[in-house]
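Residue numbers (full-length UniProt numbering): 1 to 220.
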């Protein structure tokens, strides 16, 4: 029987408890709404906890930012007049260094030009020149068509004259000394020689010693 519940009496016989179906249905609905209510309360507590955690994190972040702003020094605190003066001193020193370097560079370049001009004058006075020549054309009696590099000295050595040369020139010009065979100035001559080797027409190697000039200088 629906809505009935069985039981036992004191004499051992069963008895049936009749319940109202309407009452049973109401109890089921009440239990259902209690469950819904409890779930809603749990959800609200969860949402409230999450919001509280977010607010706490936001508050913590705001506090950290405020602390950083307080720790960060202002530009006025960073400014130091002594540092500015020191920077100006370094800048002035840097400009002076650049000026000194520029002056030294111009002086060095001028000295290099002067040395180069002196070397050119010396080279024009007495210097070494080179020319490719056929061995047969040297006039030393060797029969060979090979080409060798012949080096020779060129220059007047007028800048190397001494008082001896000046006085000798004056004496030869006024007739005090017969200057027919007298040299009145130094001569540009080789001070060191080189040997030249070649093969003649008979396929024999020949070597001529002291043929080519290796260095030139004013001698005499």
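Glycine included, every Cβ here is placed at the ideal spot set by N, Cα and C.
Check: What is the DSSP secondary structure of residue 164, reduced to helix, strand or coil?; Outcome: helix
Check: Decide if residue 2 is buried, meaning its Cβ has at least 16 other Cβ atoms within 10 Å, or exposed.; Outcome: In this prediction, residue 2 scores a pLDDT of 45, lower than 50, which makes its location untrustworthy; no coordinate-derived value is stated.
Check: Using alpha carbons as the reference points, say which of 50, 219 and 100 lies closest to residue 156.; Outcome: 219
Check: Comparing C-alpha positions only, which one of 168, 95 and 126 sits nearest to residue 158?; Outcome: 126
Check: How many Å lie between residue 212 and residue 190 at the Cα?; Outcome: 9 Å
Check: For residue 182, count neighbouring C-beta atoms within 10 Å of its own C-beta (all shown protein chains included) and say buried if the count is 16 or more, exposed if not.; Outcome: exposed
Check: Between the C-alpha atoms of residue 123 and residue 154, what's the straight-line distance to the nearest angstrom?; Outcome: Bear in mind that a pLDDT of 49 at residue 123, under 50, signals an unreliable position, so the number given afterwards is only what the model happens to contain. Rounded to whole angstroms, residue 123 to residue 154 spans 9 Å at the Cα level.
Check: Mind listing, in chain order, the continuous alpha helix (DSSP H) runs of no fewer than 4 residues lying wholly within the UniProt domain "TGF-beta family profile" (109 to 219)?; Outcome: 163 to 173
Check: Applying the 10 Å Cβ sphere with the 16-neighbour rule, what's the burial state of residue 61?; Outcome: exposed
Check: Quick one: Cα of residue 232 to Cα of residue 185, how far?; Outcome: Absent from the structure is residue 232, since the part of the chain shown begins at 1 and ends at 220.
Check: Can you tell me the Cα-Cα spacing of residue 45 and residue 38, whole angstroms?; Outcome: 11 Å
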